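Comments concern the structure below.
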Amino acid sequence: IGKVSNHSTEAPLKNVNDVRKAIDDGVIRPGQIIYGGMRLESITDHKISTKNIFSQFIMRVVTGKWRDVPCFHVGVYVGRFNGTPYIVDNPGAYRPDNTGNITLHTFEHAFEDEPGPYFVVSPPLSKAGKTTRHLVVQRALACVGVEYTYDFKAINCECFALSMLGATSADDIKRVVDVNLQVQALVCGLLKGYTEDQEEEYKNFNCAIIECLKKVGRGVELTLEYALKKFQANLETPI
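Numbering-wise, my numbering comes out as the position in the sequence shown, counting from 1, plus 1.
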């Protein structure tokens, strides 16, 4: 990320205000995927500021490199409704039983706790060399409402984004979140690998995502307005 940003001709997206301005200016478009830098306290559920003070040192111990950001929160930008930009993501567990749903909410709400920096990724081009952003919007909207039992290692925001894009194997997910797991192990003492139970959790989650994606491309166009009404009316039912 550092190499890319250092050689970019674009101004860096340092914080949530920079990202919102890029959305307002049309630089960030629906179907692109937004990554927001997280604090250590955000991934450990402990509001201990000293973890942030020693964040770079912790990352040096874990990864062998000086890193400002331990990991990123990931959300899919799906467009505006009444002028308000919306994100689809896995926001974590927000119920006492550690469950949640793939959620459709405002950009500010999705990234309110992520200090940055931010970067934005466009999905791969089609075989014909055309953008697939519209398809990604449809896929993300189709997943809204999917319920899960949150697991930092097996069912997190990155797992959702990768499953939605088509990274279907547990090996794909393990490679991407490996550093996150090491950080979690170091700061929380959870020195555990990716267990068979967690792999099974991910498989079940991925199957639910795949079922939702079957709705895409059957002559039905999902709109943000419809998704908002459906999601607000019945949170527990996938669109």
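From the three backbone atoms N, C-alpha and C, an ideal C-beta is built for every residue, glycine too.
Just so you know, these numbers come straight off a predicted model, no measurement behind them.
Discussion item. One question on the structure: do T150 and T100 come within less than 7 angstroms of each other, judged by their Cβ atoms?
Written reply: yes
Fill in: Limits of the alpha helix (DSSP H) - the one that E222 falls within
No alpha helix (DSSP H) holds E222; DSSP gives it neither H nor E.
Discussion item. Within a Cβ cutoff of 7 angstroms, which residues of the same chain sit near G93, ignoring the five residues on either side of it in sequence?
Written reply: G101 and Y151
Practice prompt. Ignore the nearest five residues each way along the sequence and tell me which others in K216's own chain have a CB closer than 7 angstroms to its CB.
Written response: A143
Item to complete: Jot down the residue ranges of each uninterrupted alpha helix (DSSP H) in the region 68-128, minimum 4 residues, whole runs only, in chain order.
Response: 108-111
Item to complete: Leaving aside the five residues before and after S164 along the sequence, list all residues of the same chain whose C-beta is less than 6 angstroms from its C-beta, in chain order.
Response: N207 and I210
Worksheet item: Where do the ends of the alpha helix (DSSP H) carrying I156 lie?
Response: No alpha helix (DSSP H) holds I156; DSSP gives it neither H nor E.
Worksheet item: What's the C-alpha gap between K128 and P86?
Response: 29 angstroms
Worksheet item: Would you report the Cα separation of E159 and V145, rounded to the nearest angstrom?
Response: 15 angstroms
Worksheet item: Per DSSP, which one or two residues make a beta bridge with E148?
Response: N102
Practice prompt. Could you tell me whether the Cβ atoms of V89 and V75 are closer together than 7 angstroms?
Written response: no
Worksheet item: From K231 to L223, what distance separates their C-alpha atoms?
Response: 11 angstroms
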